[in-house]
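Asks: Residue numbers (our numbering): 130 to 230.
1) Counting C-beta neighbours from all protein chains within 10 Å, is the total for residue 160 16 or more, i.e. buried, or is it exposed?
2) Taking contact to mean 3 or more Cβ pairs, one atom from each stretch, closer than 8 Å, check whether the segment 164–174 and the segment 187–195 are in contact.
3) When you compare each of 149, 196, 183 to residue 165 by their alpha carbons, which one comes out closest?
4) Label residue 177 either buried or exposed according to how many other C-beta atoms from any shown protein chain fall within 10 Å of its C-beta, with 16 as the threshold for buried.
5) In chain order, what residues of the same chain have a beta carbon less than 8 Å from the beta carbon of residue 199, not counting five sequence neighbours either side?
6) Give the list of continuous alpha helix (DSSP H) stretches no shorter than 4 residues that lie fully inside the segment 164–203.
7) Straight-line CA distance for residue 140 to residue 192?
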C-alpha cells in the first residue's frame with residue numbers, strides 16, 4: 130500500500146495568535162468605524178455650511194474627498210507597514226495622528 134505524502138506540510142501551533150479567533154474583532158472594528166463615519170456626515174454638512182460658509186454642494190464635495198481619503202490611506206499604510214516601517218510602528222503612528230487630528 131502506498132503512503133500518501135502531502136505536497137505542503139502545514140504545521141499547526143496551538144498557541145498561535147490571530148486567525149479566525151480575531152475575525153469578530155476585526156469585523157466589529159470596521160462596523161463601528163463605518164457607523165462613526167456615517168454618523169458624523171450630516172453634522173459635518175451643517176458645520177461646514179454654518180461655520181465655514183460653504184454651500185451645500187461644496188460641503189458635499191469636502192465630505193466626498195474626506196470619504197475617499199479615509200478609504201485610500203489604509204492602502205498607503207499597509208504598503209508602508211509591509212515594506213518599510215513594520216505593523217506595530219505603523220499602528221502607533223496612525224493612532225497618534227488620529228489622536229492629534
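We put the beta carbon where it would ideally sit given N, CA and C, even for glycine.
If you're wondering where the values come from, they're calculated on a predicted model, not measured in any experiment.
Replies: Taking the definition as stated:
1) A residue is called buried once 16 or more other Cβ atoms fall within 10 Å of its Cβ, and residue 160, having fewer, is exposed.
2) The segment 164–174 vs the segment 187–195: in contact.
3) Comparing Cα-Cα distances from residue 165 to each of 149, 196, 183, the minimum goes to 196.
4) It counts as buried.
5) 166, listed in sequence order.
6) Listed in chain order, there is nothing to give.
7) Here the alpha carbon of residue 140 sits roughly 47 Å from the alpha carbon of residue 192.
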